[in-house]
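Down below is the structure, laid out as structure tokens.
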Amino acid sequence: MRLTKKKIDEVIIKILGEVGLDLVSLLKKSDNISEFDLAKKLNKDIKVIRKMLYLLYNHNLVSFTRKKDKQKGWYIYYWTLINESIKFEYIKRRKILLMNLKHLLNKEQNEIFFYCLSECVRLDFDDSSDFDFHCPECGKLLEQDNNEKRIKELNSRIEEISLELKLIEEEKIKAAKKARKKKIESEKKEVKKRKVEKKKVTTTKKKKVTKKKKSTTAKSNLKKKTIIKKKVSKKKNNLEKEIKKSVTKDKKKVAKSKTNSKKKKITKNKEVKKKNIKKKK
């Protein structure tokens, strides 16, 4: 529901009277305005301004914050108009008015009224009978009132306010549906976002696992190659050692054979010498 100036003024006049319209006009222009600034701009006593502000606060139409004045040591109040609360106050007052009009209509339809021709009073049957159907103010005889016009006016007013409240309620339902739809869309987007993020995390994890596997496989292959190289190297070393041993062994055999051969020659020479010496003798 759009809150027109007329509707705002209607609420304010009911609470503060017409003197409060200028105050609310200033509050609408800016938030957190000091009560001293309000008093200065409206050229009114601070006590009068405070009284009006407290009346608005009692109806939850304004909010305030307070700050301590460092120089003077007292608190200064800063006031803000709550537009949403003015709307609720307006609706509340319209509902009360509708209820009162319905009560009045019921009374007009079910009771008989009498009025003074001088327009002093209008009384129901019980009150009229108490005054013997004479005006309690001027003494003239009371006339029965034909209240068809009044009933028609009341019905028209009730219809008008009922329609206004119905439109407000429909607008409220639409706004609630719109807000709910927006919330659902926001939740869906959030779920979608989470799914995408989850997918990204899963993909990243898979990539890491694959990378790790590849790394492990590469390391394993490298290890195997190293082991094979070591084995080949070991075999080669063993073979070289065996060859060296064999060569050394052969060399030793040859050396031993040569030594034995020399020894045999020396022994043979000695024997020949001995024989020659014996022959000479």
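For the sequence shown, my numbering gives the first residue as -3, with consecutive numbering after it.
C-beta: ideal position from N, C-alpha, C; glycine also.
If you're wondering where the values come from, they're calculated on a predicted model, not measured in any experiment.
Quick one, which of Leu49, His55, Lys68 has its alpha-carbon nearest Thr61's? Comparing Cα-Cα distances from Thr61 to each of Leu49, His55, Lys68, the minimum goes to Leu49.
Looking at the unbroken alpha helix (DSSP H) that takes in Leu282, where does it start and where does it end? This structure cannot settle anything about residue 282, because the visible part of the chain is limited to -3 through 277.
Three-way DSSP call (helix, strand, coil) for Lys40 in this model: Secondary structure at Lys40: coil, using DSSP grouped into helix, strand and coil.
So, does the segment 5 to 23 touch the segment 50 to 59, judging by three or more C-beta pairs under 8 Å? A contact between stretches requires three or more CB pairs, one per stretch, nearer than 8 Å, and the segment 5 to 23 meets this requirement with the segment 50 to 59.
Note down, one range per segment and in chain order, each beta strand (DSSP E) of at least 3 residues found wholly within the segment 71 to 149. Here the runs fully enclosed are 71 to 77, 109 to 111, 118 to 120.
Report, in whole angstroms, the separation of the C-beta atoms of Tyr73 and Glu31, which I expect to be a contact under 8 Å. Yes, they are in contact, since the Cβ atoms of Tyr73 and Glu31 sit about 5 Å apart, within 8 Å.
May I ask you to report which of helix, strand or coil DSSP gives Ser152? In this structure, Ser152 counts as helix in the three-state DSSP scheme.
Considering only the beta carbon of each residue, do Phe110 and Glu139 sit closer than 9 Å? Cβ atoms of Phe110 and Glu139: closer than 9 Å.
Are Tyr86 and Lys3 closer than 9 Å when you measure CB to CB? Taking 9 Å as the Cβ cut-off, Tyr86 and Lys3 qualify as a contacting pair.
For Lys252 and Thr244, what's the separation of their Cα atoms in angstroms? Looking at the two C-alpha atoms, the distance is approximately 12 Å.
Using DSSP with H/G/I as helix, E/B as strand and the rest coil, what is Ser182? The answer is helix: DSSP assigns Ser182 an H, G or I state.
Measuring alpha carbon to alpha carbon, tell me which of Phe84, Leu161, Ile154, Glu186 ends up nearest Ile8. For Ile8, the nearest C-alpha among the options comes from Phe84.
May I ask you to list the residues that DSSP assigns as paired with Lys64? According to DSSP, which records beta bridges pairwise, Lys64 is partnered with Tyr71.
Compute the Euclidean distance between the alpha carbons of Glu104 and Ile147, then round it to the nearest angstrom. Those two C-alpha atoms are separated by around 7 Å.
In whole angstroms, what separates the C-alpha of Asn102 from that of Thr0? Take the alpha-carbon of Asn102 and the one of Thr0: they are about 32 Å apart.
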